[in-house]
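Residue 158 in UniProt numbering sits at position 158 of the sequence shown; the count goes up by one each step and never skips. Cβ atoms here follow ideal geometry from the backbone N, Cα and C, with glycine treated the same way. What follows is a single structure, written as structure tokens, with notes after it.
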Amino acid sequence: MSFRYNDISIVPYRNDSIKVNQNHPKYPLHQTIWVPMMPVYDVRSRRYYQLPINCPFSRFRDFKLQRPAPPKGTLTVTAVGKYENNWCNKLDNGDAVAFKNFLKNKGWDIAIEHYDEAVTPNDFLAAGGTSDILYHSGHGSEDGTFPLYPVNKLLSWKDFYVLSRTKIFFMMTCYVLRINDWGRILRNGAHHVFGYNLPSGDITDNDIVKEFLGKCYGEGGIAPKKLLDAWEFVNTSHEEPWTIISHSENRDDYMIGVALGLTKDVRGLNDIIRITSTGTDIIQFKEPTTEAISAYYDVSVEQEKLNFVNLAEGLTSGFPEFKENKFFKAKTFTDGQANIYVYPSGAMIYEGVRNRNKFKGTSDDAIKIAEQFVRLKGGGLPDDAFLSEVIPQEEKDATSNINKVTGYIVIFKHKIDGLEIDGVAGDSIKVLIDNNGGSYMFRVWRDIKSKKLKVGKPPVDSKAAILAAENYYHQIMKTTQPPVLQNEKMVYFSKSFKEVQTNLPLAWKVTLSGRNIFVDAQTGNILSTPKS
């Protein structure tokens, strides 16, 4: 099946990119374009294919030939994981290697690859003129600086002042992107800086960069996501405090070599925005419990049972057919725009189409929409669910500091006799509400099978838990700043959405500088370490 439009043939095929052939065997000047077609179904449930709604070739009368993005680019990778005289804590920085290996396997060229003492300020100056993507991993500070190997050697945005070729920069450090001045490095046509505005974990970065790239490239047959959406979705699932500084006109960028690739370069600073997951006004409904309890339970749980095919029918178009996706270690389904992931643990993630316009409503409106979305499309709202947090998703003009709320993350959790069930990317229903309605949902919910009462206080008190949490913080956070204790409370610990769990241990939840660390109240061991 093909369509003709003047000197152009449009041929459907099942793949994730657009290909142009200028050497048609019969018509030398004729161009054949293979366009990915999305599956749809007629009333008799017979599959056929049609052009996606947002495909540039959907309306032939408005047809304009658009070249595909170049298939690859050039990458610079720098990472500092050890420091002279141990003046900063050691880091693994395996995320830098994972990022490099992924793109290298896609055919990318490596311009510069330096680690530890080999990293110098000249690397960043050279990369700005030689590389499409610059990726740096290491420590960072609240003042926007980051250290290199030599003692007291700090760099800032000023050391990246000219990015003449680089379009995308990843600053995989703690805190650094809380400083708006990092937007200045975009003034010569660079598009985005991706990173964090609070402490970020060295351990989770490996999973985050691999899953981010997988979402960008559509690994395993899922629909490729725009850069900003992929960064937001993957970090929201892993509960990392993501930030992006961008040109607002580049918000629709795909990865280089995917779909239509990057949008047009923008010069100057007039449209620089800073997008963050942590709004200035987080609404919390939780009651903190700081004292150790005198009785608690051995709690057995099982993952809730959901009909994921029915869920997918309500969340997407077409007839759901889940397939094993080895890259994401999950079963996935896509309708060409939205993706659904179902994990062996029974958890699910839905990623729809994000709307980044100013949200037409209040936080109360978002709560009502989220509740309705979960009840009607998201598997239902469990009887023991309570509203835990409402987090505005903000976009700030980096020059005027004017905020625009593009949506809200609405979070539901549950409790056992007043103690919250909580963990790192664990039990919760998280819904992102924007002008499209529910554009993202994370759901992992373990039902209580049994509770066995245990009388007496657990062996580990709050003092010991705080000490253990602080030690762990120094080991895994990419920051040179000492942690600030903000809260400690007792919870029942929930493992991440990638793990199967049959019991909920009692734990101390210690909040240090905005990061939650969970300590087993029986053994004093850290429970926060995520599993891939």
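field: C-alpha distance - H139 paired with F497, whole-angstrom precision
entry: Mapped onto the sequence shown, residue 139 falls at position 139. Mapped onto the sequence shown, residue 497 falls at position 497. Inter-residue distance for H139 and F497 is about 27 Å (C-alpha atoms, whole angstroms).
- prompt: What are the boundary residues of the alpha helix (DSSP H) that includes L148?
  reply: Here residue 148 refers to the residue found at position 148 when the sequence shown is read from its first residue. Taken as a continuous stretch (DSSP letters only), L148 belongs to no alpha helix (DSSP H), as it is neither H nor E.
field: Residues near D202 by beta carbon distance below 6 Å, same chain, minus five either side
entry: The residue labelled residue 202 in the question sits at position 202 within the sequence shown. Hits under 6 Å: L91, D92, I476 and K478.
C-alpha distance - S300 paired with T502, whole-angstrom precision: Taking the first residue of the sequence shown as position 1, residue 300 is located at position 300. Taking the first residue of the sequence shown as position 1, residue 502 is located at position 502. When rounded, the distance between both Cα atoms is 6 Å.
- prompt: Where does W445 land, buried or exposed, given buried means 16+ other C-beta within 10 angstroms?
  reply: What you label residue 445 is simply residue 445 of the sequence shown in a count that begins at 1. So W445 counts as buried.
- request: Report the rounded CA-to-CA distance for L485 versus G268, giving the unit in angstroms.
  value: On the sequence shown, position 485 is the one that residue 485 refers to. On the sequence shown, position 268 is the one that residue 268 refers to. Near 40 Å, if we compare the C-alpha coordinates of G268 and L485.
query: Are the beta-carbon atoms belonging to G514 and P241 less than 8 Å from one another?
result: As a working mapping, residue 514 is identified with position 514 in the sequence shown. As a working mapping, residue 241 is identified with position 241 in the sequence shown. Yes; because the gap between Cβ atoms is below 8 Å, this pair is in contact.
- prompt: Between V460 and A370, is the Cβ-Cβ spacing less than 8 Å?
  reply: As a working note, residue 460 is residue 460 in the sequence shown. As a working note, residue 370 is residue 370 in the sequence shown. It is not a contact, given that the beta carbons lie outside the stated cut-off.
task: Please report how far the alpha carbon of E232 lies from the alpha carbon of G456, in whole angstroms.
output: Indexing the sequence shown from 1 puts residue 232 at position 232. Indexing the sequence shown from 1 puts residue 456 at position 456. Taking the straight line from one Cα to the other gives about 43 Å.
- prompt: Should L315 and I275 be called a contact, given that it needs their Cβ atoms to be closer than 8 Å?
  reply: If you number the sequence shown from 1, residue 315 lands on position 315. If you number the sequence shown from 1, residue 275 lands on position 275. Not in contact: L315 and I275 (Cβ atoms no closer than 8 Å).
Reference V176, options D143, I185 and R165, closest by Cα: In the sequence shown, residue 176 corresponds to position 176, counting from 1. Measuring from the Cα of V176, the nearest candidate turns out to be D143.
- prompt: According to DSSP, is H238 helix, strand or coil?
  reply: Position 238 of the sequence shown, counted from the first residue, corresponds to residue 238. Under the three-state reduction of DSSP output, H238 falls in the helix class.
message: For E117, tell me which candidate among A98, F99, E84 and L103 has the shortest Cα-Cα distance.
response: Working through the sequence shown from its first residue, we reach residue 117 at position 117. Checking every option, the nearest Cα to that of E117 belongs to E84.
- prompt: Can the beta-carbon of V151 be found less than 8 Å from the beta-carbon of F169?
  reply: Along the sequence shown, read from residue 1 onward, the residue named residue 151 stands at position 151. Along the sequence shown, read from residue 1 onward, the residue named residue 169 stands at position 169. The answer is no: Cβ separation not under 8 Å.
- prompt: Apart from the five residues on each side of it in sequence, which residues of its chain come closer than 8 Å, Cβ to Cβ, to D271?
  reply: The residue labelled residue 271 in the question sits at position 271 within the sequence shown. Correct list, in chain order: H247, S248 and E249.
task: Return the chain-ordered list of same chain residues with a C-beta closer than 7 Å to the C-beta of N180, the five sequence neighbours on each side being excluded.
output: Position 180 of the sequence shown, counted from the first residue, corresponds to residue 180. Excluding positions up to five away in sequence, the list reads R274 and A398.
- request: Check the C-beta distance from N89 over to H474 and give it rounded, since I have them as a contact under 8 Å.
  value: Along the sequence shown, one-based indexing puts residue 89 at 89. Along the sequence shown, one-based indexing puts residue 474 at 474. Taking C-beta atoms under 8 Å as the contact rule, N89 and H474 qualify, at a distance of about 6 Å.
In DSSP terms, what G418 is bridged to: As a working note, residue 418 is residue 418 in the sequence shown. Partner(s): none; G418 has no beta bridge.
message: Can you look up H30 in the DSSP assignment and give me helix, strand or coil?
response: By one-based count along the sequence shown, residue 30 stands at place 30. Any reading at H30 needs caution, since the residue's pLDDT is 35, under 50, leaving its predicted position unreliable; the model's value is listed next. In the structure shown, the three-state DSSP call for H30 is coil.
field: Alpha-carbon to alpha-carbon, F308 and G352
entry: Within the sequence shown, numbered from 1, the residue matching residue 352 stands at position 352. Within the sequence shown, numbered from 1, the residue matching residue 308 stands at position 308. The alpha-carbon atoms of G352 and F308 are separated by roughly 16 Å.
field: Spatial distance of A521 from K489 (CA atoms)
entry: Here residue 521 corresponds to residue number 521 of the sequence shown, with the count starting at 1. Here residue 489 corresponds to residue number 489 of the sequence shown, with the count starting at 1. Each residue's Cα considered, the two are about 11 Å apart.
message: I'd like to confirm the pairing. Which residues does DSSP put opposite M490 in its beta bridges?
response: Here residue 490 refers to the residue found at position 490 when the sequence shown is read from its first residue. In the DSSP secondary-structure assignment, M490 is bridged to W508.
- prompt: Run through DSSP, which three-state label would I411 get?
  reply: Translated into the one-based positions of the sequence shown, residue 411 becomes position 411. Reduced to three states, the DSSP call for I411 is strand.
query: Any idea what DSSP makes of residue 533, helix, strand or coil?
result: The shown model of the chain, from 1 to 532, leaves out residue 533, and the question about it has no answer.
query: In chain order, what residues of the same chain have a beta carbon less than 8 Å from the beta carbon of F373, not counting five sequence neighbours either side?
result: Numbered from its first residue, the sequence shown carries residue 373 at position 373. The residues are V431, I433, G437, G438 and M441.
- prompt: With DSSP run on the structure shown, which of helix, strand or coil describes Y297?
  reply: Reading the sequence shown from its first residue, position 297 is the one you call residue 297. In the three-state reduction of the DSSP assignment, Y297 falls in the strand class.
- prompt: Taking DSSP as the reference, what is the three-state secondary structure of V11?
  reply: The residue given as residue 11 occupies position 11 in the sequence shown. Any reading at V11 must be qualified, since the residue scores a pLDDT of 39, below 50, and its modelled position is unreliable; the value itself is stated next. In the structure shown, V11 sits in a strand (DSSP, three-state: E or B).
query: Should K377 be counted as a contact of the ligand GTP given a C-beta to heavy atom distance under 7 Å?
result: The ligand content of the structure shown is nil, which means the ligand GTP is not present either.
- prompt: For the beta strand (DSSP E) that G438 lies in, which residues bound it at each end?
  reply: Taking the sequence shown and counting its residues from 1, one reaches residue 438 at position 438. Where G438 is concerned, the enclosing beta strand (DSSP E) stretches over G437 to V444.
message: Looking only at its chain, what residues have a beta carbon closer than 7 Å to the beta carbon of H191, apart from the 5 residues adjacent to it on each side?
response: Taking the first residue of the sequence shown as 1, we reach residue 191 at position 191. Apart from the 5 residues on each side of it in sequence, H191 sits with its Cβ closer than 7 Å to the Cβ of K167, I168, S246, H247, N250, D253 and L262 in its chain, given in chain order.
Proximity winner among V119, T243 and A295, relative to S277 (alpha-carbon distances): In the sequence shown, residue 277 corresponds to position 277, counting from 1. Of V119, T243 and A295, the residue nearest in Cα terms is T243.
field: Cβ contact check for the stretch 222-229 and the stretch 343-357: 3 or more pairs under 8 Å
entry: Result yes; three or more Cβ-Cβ pairs closer than 8 Å.
field: Top-ranked residue by Cα proximity to L527, from D422, I429 and N435
entry: Residue 527 sits at position 527 when you count from the first residue of the sequence shown. It is D422 whose Cα lies nearest to the Cα of L527.
query: Can you tell which of S164, K377 and K368 has its C-alpha closest to the C-alpha of R184?
result: Walking along the sequence shown from the start, residue 184 turns up at place 184. Checked all of S164, K377 and K368; the closest Cα to R184 is S164.
Close beta carbons around L154, own chain, < 6 Å, minus the five adjacent residues each side: Here residue 154 corresponds to residue number 154 of the sequence shown, with the count starting at 1. Cβ neighbours of L154 beyond the five flanking positions: T145 and P147.
- request: Would you kindly report the start and end of the unbroken alpha helix (DSSP H) that includes T130?
  value: The residue given as residue 130 occupies position 130 in the sequence shown. P121 to T130 is the span of the alpha helix (DSSP H), which, as asked, contains T130.
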